[in-house]
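Protein chains in written order, with UniProt numbering: chain F, 1 to 405; chain Y, 1 to 405.
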């Protein structure tokens, strides 16, 4: 098994082993924030027919040639129609049909006059101005034409997109999958936040970080509970977790201690052991394996380390699966707002807050104490500062690369 | 009833009539993207006890005074503990306890040496360097101190916040409500996208726009179906919709046509009629009323008009209810990217796409044809250009105010 590898190598190995999940066919009402896995063309014209944009009368523009404000032209009103209904009659010379906004333009008519501009009396409507053919008509297909490309593959479906798809009657769309990601928390020291803390125990915070982050990344997190540090229990719980997930994340048990059992469990299960430890700080003790074409990503038991590694190594895989590869982990160069006094032997990621002063990106180190145990440094952070291996301490004003999260 | 009022007046009336919904107590796992309705202080220290940041041996720094690389100091290993368990024994002069990462520092010990830097033989561990008291110890409360303020009211709970709350055992949090917003679509011309389009009918796209937009605004949309233009049906459906929602939105039936019945229905129901028609384009025919302390917002049957009015008038109310008033509808001045040739007698909102070229905000009119019937102009738009009443046509390069959506 590869050990203590470079971050880019680890990323490449994970990319190669990213499962290819099938596209999903989802009904339009449920596809909010999903990503289109197909180009969409309209199968209809929208509007589907010429219609009236106002409440008024449809008639033949030719009949209004002699109309002016002093001499009205009188047309016999032969029918009245509402939106949603078609006229039974046809407009002919000297006739008009009253219609409401959204009603189809009756056969024979080629323009519409606003109700307020007319006088209705004894079954006749009087018109006082000359109309042009096709005046005041919403044309069939003027919004969207039949066969027209509407949305491209890889578009995120937000409310505007979903509204337009509904307007052309698109019932179901093919979208990128929403992977089920199991989270198995391991460690005798963990207790659920529902329980009382007893001596030596800590709350299982990684579960909560990861569950919420997976929701943010448009995945379905599944809480697989807490397993103690026992090889038989872990084996059963990992098998169970894998059967219910597309990807399984475990936390804990991947360092060098006597109870770091995850590697042994995966070896016993016959998994393909991809790599153990990546040359980054924090989060170095990540272990990745593959069983039955499913990835098992085993993160550090330390929450701050686990979420950093998750962001750098797992987020890109999930972005690929969910069709959001173009939106994930953008890199920006920014000016460091304060000194950072530590040397970095291996590549180091520290939490920062990126902001702009005009055109200039500035990054503030969220909290000076970013030790492995410090989860609160994640508050208010929106990026990771990527410090290359073998770096000296950094100075205020220096340009650093940050990864937006 | 007030009619054809100014937009700012309409906003003020709606603000006054915005229902005050109770805060909700939500379990931590379910409060992703909710907004805190209380300040949070930690009830515990995190870590809850002094603990070891590595696998190694806990001992008394005093015992290593004479240690150097040539002359090791030998300490008797009296116990071995793992994360999650406390030592039974106490470290005394000349003794050490083996411990794993995360294990509590045993009584009597004041430092930890990394396993890799020691030699273990016959029950004794040998140490080859001098240690200072409190070296290699993660201190109780070094991440978060008991009583410390953690998060302020009005903070949005994303994964970082939720992880930190879990680390201090915060089981439930008080958050702003997630209002149930019913959507009753009215109009004889509407058919569900599940059905076949027949002559004169159009698909009910407003429902889909509004449902998705309500999800984006952290509300619970409830589809109340389609009601035809019939006063008895509408009355029943509105009563039913109100009983199931905190706020009811209707679409259609609010113009001046013969089948624009919503006003009559609300009057018959004894509602407080707040206003009808606002001096904006599109979306002027909005009607708002209040019954049993619940708002009924009746939008135009025209989808493009409905979503514009929704954004300008309804979004601010929902932002207020959901605790997101600080994030809603920011205004920016931007340079217009092309001419806009229409005069604007009333205040007009047109869809645009805002982007930045360095420091300069530029707004592109999404599509030149933004007629009432044109829903596709919403695609790719991220803002509304706010054109004051009595404006002449606008020129390329002119500064306009835009509202981000």
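Where is the CB? At the ideal position from N, CA and C, for every residue including glycine. Being a predicted model, the structure only gives us computed values, none of them experimental.
Residue i classed as buried or exposed, judged by whether at least 16 other C-beta atoms fall within 10 angstroms
i: residue 90 of chain Y; result: exposed
i: residue 22 of chain F; result: exposed
i: residue 101 of chain Y; result: buried
i: residue 16 of chain F; result: exposed
i: residue 119 of chain F; result: exposed
i: residue 176 of chain Y; result: buried
i: residue 71 of chain Y; result: exposed
i: residue 20 of chain F; result: exposed
i: residue 178 of chain F; result: buried
i: residue 198 of chain Y; result: exposed
i: residue 367 of chain F; result: buried
i: residue 405 of chain Y; result: buried
i: residue 399 of chain F; result: exposed
i: residue 276 of chain Y; result: buried
i: residue 189 of chain F; result: buried
i: residue 315 of chain Y; result: buried
i: residue 4 of chain F; result: exposed
i: residue 69 of chain F; result: exposed
i: residue 184 of chain F; result: buried
i: residue 259 of chain Y; result: buried
i: residue 236 of chain Y; result: exposed
i: residue 144 of chain Y; result: buried
i: residue 393 of chain F; result: exposed
i: residue 122 of chain F; result: exposed
Unbroken alpha helix (DSSP H) run spanning residue i, endpoints
i: residue 9 of chain F; result: 7-16
For residue i, the first and last residue of its enclosing beta strand (DSSP E)
i: residue 379 of chain Y; result: From DSSP, residue 379 of chain Y is part of no beta strand (DSSP E); its letter is neither H nor E.
i: residue 49 of chain Y; result: First-last for residue 49 of chain Y: undefined, no H or E at that position.
i: residue 477 of chain Y; result: Because chain Y spans 1 through 405 in this model, residue 477 of chain Y falls outside it and cannot be assessed.
i: residue 27 of chain Y; result: 24-27
i: residue 57 of chain F; result: 56-59
In DSSP terms, what residue i is bridged to
i: residue 74 of chain Y; result: Y/126
i: residue 335 of chain Y; result: Y/362 and Y/399
i: residue 386 of chain F; result: F/349 and F/401
i: residue 35 of chain Y; result: Y/156
i: residue 95 of chain F; result: F/76
i: residue 3 of chain Y; result: Y/276
i: residue 356 of chain Y; result: Y/361
i: residue 394 of chain F; result: F/340
i: residue 40 of chain Y; result: Y/151
i: residue 172 of chain F; result: F/27
i: residue 65 of chain Y; result: Its beta-bridge partners do not exist; DSSP assigns none.
Residue i CB to nearest heavy atom of the ligand GDP below 7 Å
i: residue 297 of chain Y; result: This structure simply doesn't include the ligand GDP, nor any ligand for that matter.
| task | Let me know the beta strand (DSSP E) ranges lying completely inside the UniProt domain "MoaB/Mog" (182-320) of chain Y, each 3 residues or longer, listed in chain order. | result | The UniProt domain "MoaB/Mog" (182-320) of chain Y contains these whole beta strand (DSSP E) runs: 220-227, 247-251, 272-278, 287-291 and 294-299.
| query | Taking only runs of the alpha helix (DSSP H) that begin and end inside the segment 99-167 of chain Y, which ones reach a length of at least 4 residues, in chain order? | reply | 159-167
| request: Examine the Cβ distances between the segment 360-368 of chain F and the segment 335-345 of chain F and report whether three or more of them are shorter than 8 Å. | output: yes
| Does the segment 240-253 of chain Y come close enough to the segment 380-389 of chain F to have 3 or more Cβ pairs within less than 8 Å? | Too few Cβ pairs lie closer than 8 Å, so no.
| query | Touch check for the segment 149-169 of chain F and the segment 38-52 of chain F: three-plus C-beta pairs under 8 Å? | reply | yes
| query | How do the segment 126-142 of chain F and the segment 53-66 of chain F stand: do at least 3 beta-carbon pairs fall below 8 Å, yes or no? | reply | By the Cβ rule, the segment 126-142 of chain F counts as touching the segment 53-66 of chain F, because three or more pairs are nearer than 8 Å.
| request: Assess, as a yes-or-no matter, whether the segment 150-167 of chain Y is touched by the segment 205-219 of chain F under the definition of 3 or more beta carbon pairs within less than 8 Å. | output: yes
| request: Spell out a yes or no on whether the segment 347-362 of chain F and the segment 24-37 of chain Y are touching, meaning 3 or more CB-CB pairs, one atom from each, closer than 8 Å. | output: no
| Would you call the segment 233-244 of chain F and the segment 315-331 of chain F touching, i.e. three or more CB-CB distances under 8 Å? | Counting Cβ pairs under 8 Å, fewer than three are found: no touch.
| Is it a yes or a no for the segment 276-290 of chain Y touching the segment 299-306 of chain Y, going by three-plus beta-carbon pairs under 8 Å? | yes
| message | With three or more C-beta pairs closer than 8 Å as the rule, is the segment 79-95 of chain F touching the segment 103-110 of chain F? | response | yes
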